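All remarks here apply to the structure that follows.
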Amino acid sequence: MSEDLKRRAAEAAAAAELRSGMLLGLGTGSTARHFVDIVGARIRAGETYRCVPTSEATRAQAEALAIPLTTLDDIEEIDLTVDGADAFDPALNLVKGGGGALLREKMVAAASKRMVVIADASKAVAQLGAFPLPVEIVRFAHGATARAVRRAFAAAGIACEPRLRRGATGEPSLTDNGNFILDCVNPGIPDPPALALRLGAIPGVVEHGLFIGLCSAVYLAREEGVAVIERKS
Ligand code: 5RP
Numbered sequence: 011m012s013e014d015l016k017r018r019a020a021e022a023a024a025a026a027e028l029r030s031g032m033l034l035g036l037g038t039g040s041t042a043r044h045f046v047d048i049v050g051a052r053i054r055a056g057e058t059y060r061c062v063p064t065s066e067a068t069r070a071q072a073e074a075l076a077i078p079l080t081t082l083d084d085i086e087e088i089d090l091t092v093d094g095a096d097a098f099d100p101a102l103n104l105v106k107g108g109g110g111a112l113l114r115e116k117m118v119a120a121a122s123k124r125m126v127v128i129a130d131a132s133k134a135v136a137q138l139g140a141f142p143l144p145v146e147i148v149r150f151a152h153g154a155t156a157r158a159v160r161r162a163f164a165a166a167g168i169a170c171e172p173r174l175r176r177g178a179t180g181e182p183s184l185t186d187n188g189n190f191i192l193d194c195v196n197p198g199i200p201d202p203p204a205l206a207l208r209l210g211a212i213p214g215v216v217e218h219g220l221f222i223g224l225c226s227a228v229y230l231a232r233e234e235g236v237a238v239i240e241r242k243s
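The opening position of the sequence shown corresponds to residue 11 in my numbering, with each subsequent residue numbered one higher.
In structure tokens:
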């Protein structure tokens, strides 16, 4: 996805969705970065926002832009969250967590009246699955949890190869919450809500990257313009 298209998706969402005074959730990743820049520019221009970042990386960016921050502990509800996604299907189910921030992203999305995704056409899929599903797990007995995750996929009729995410040095990557991530390579997820239930029931799984019923709309940037896809139900 070109930086130009990412920027255009962020600008379209900002133009249509932002109102001065809002409580905002700030997403994570290279697309969400553009939206955070826009919020910073709006604040410099005199608008007011208070924001909850979904990762330490986004917190650092927001602090550098002097964006006022708050926490989920200190508020009842977020007006609007704008985030990227690794993939979305026609029902606006999402795969998220490519950047490792899925737990905080889901907590912030779930606390939001409205959550919108900014993306380009490469993120639109007929069926989730081509992008390996990130699953955040505790470090304790991570091998056993990986086997339980594989069994949960199998029970849903899906072959899955959970791979422990590793950094450049080969060490397991740690999330902002100090956990590991399994990237679950799979051929396709025919029923995302059913798989989400199975994964969420595994002790040792902290959160999975399936976002079901959380996304209200997608701002989809293409060369010919930005389309807005609202969730139907
Ligand atoms: C981070 C995420 C990101 O939103 C997702 O990985 C998309 O990132 P990008 O905009 O860089 O493609 O879920 O955990």
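C-beta atoms are modelled at their ideal positions from N, C-alpha and C, and glycine is treated no differently.
Small disclaimer: the values here were computed from a predicted structure and weren't measured.
Ligand 1 and Thr38: does the residue's C-beta get closer than 7 Å to at least one heavy atom of that ligand? yes
Is there contact between the segment 228-238 and the segment 122-138, where contact requires at least three CB pairs shorter than 8 Å? yes
Own chain partners of Pro182 with C-beta closer than 6 Å, once the 5 adjacent residues on each side are dropped: Leu174, Arg176 and Phe190
So if DSSP puts Asp96 in a beta bridge, which residue, or which two residues, is it bridged to? Per DSSP, none; premise fails for Asp96.
What does Met32 pair with, by DSSP beta-bridge criteria? In the DSSP output, where bridge partners are listed per residue, Met32 has none listed.
Three-state secondary structure assigned by DSSP to Phe141: coil
Going along the chain, which unbroken runs of the alpha helix (DSSP H) with 4 or more residues stay wholly within the segment 113-197? 152-165
Can you name the residues that DSSP bridges to Cys225? DSSP lists no partner for Cys225.
Ile85 to Ala119, Cα distance in whole Å? 14 Å
With 16 as the cutoff for other CB atoms within 10 Å, does Asp93 come out buried or exposed? buried
Under three-state DSSP, which class holds Pro213? coil
For Thr81 and Ile53, the rounded distance between their alpha carbons: 19 Å
Selection from Glu66, Pro172 and Pro142 that minimises the alpha carbon distance to Ala154: Pro172
Sorry if obvious, but does the Cβ on Gly107 come closer than 7 Å to a heavy atom of ligand 1? yes
Thr91: CB within 7 Å of a non-hydrogen atom of ligand 1: no
N-terminal and C-terminal residue of the alpha helix (DSSP H) that Glu66 is part of: Glu66 to Ala74
Between which residues of its own chain and Ile48 is the CB-CB distance below 7 Å, once the five residues before and five after are set aside? Ala20, Glu21 and Ala24
CB Ala97 to CB Ala140, shorter than 8 Å? yes
Taking 6 Å as the limit between beta carbons, can you name the residues of its chain near Ile199, skipping five residues before and five after? Leu138, Gly139 and Leu205
Can you tell which of Thr68, Glu13 and Lys16 has the C-alpha that lies nearest to the C-alpha of Leu34? Thr68
Should Thr41 be counted as a contact of ligand 1 given a C-beta to heavy atom distance under 7 Å? yes
Are the CB atoms of Thr185 and Leu113 within a distance shorter than 8 Å? yes
What residues in its chain sit with their C-beta under 7 Å from that of Ala178, if we drop five residues either side in the sequence? none
Can you tell me the Cα-Cα spacing of Val195 and Lys16, whole angstroms? 26 Å
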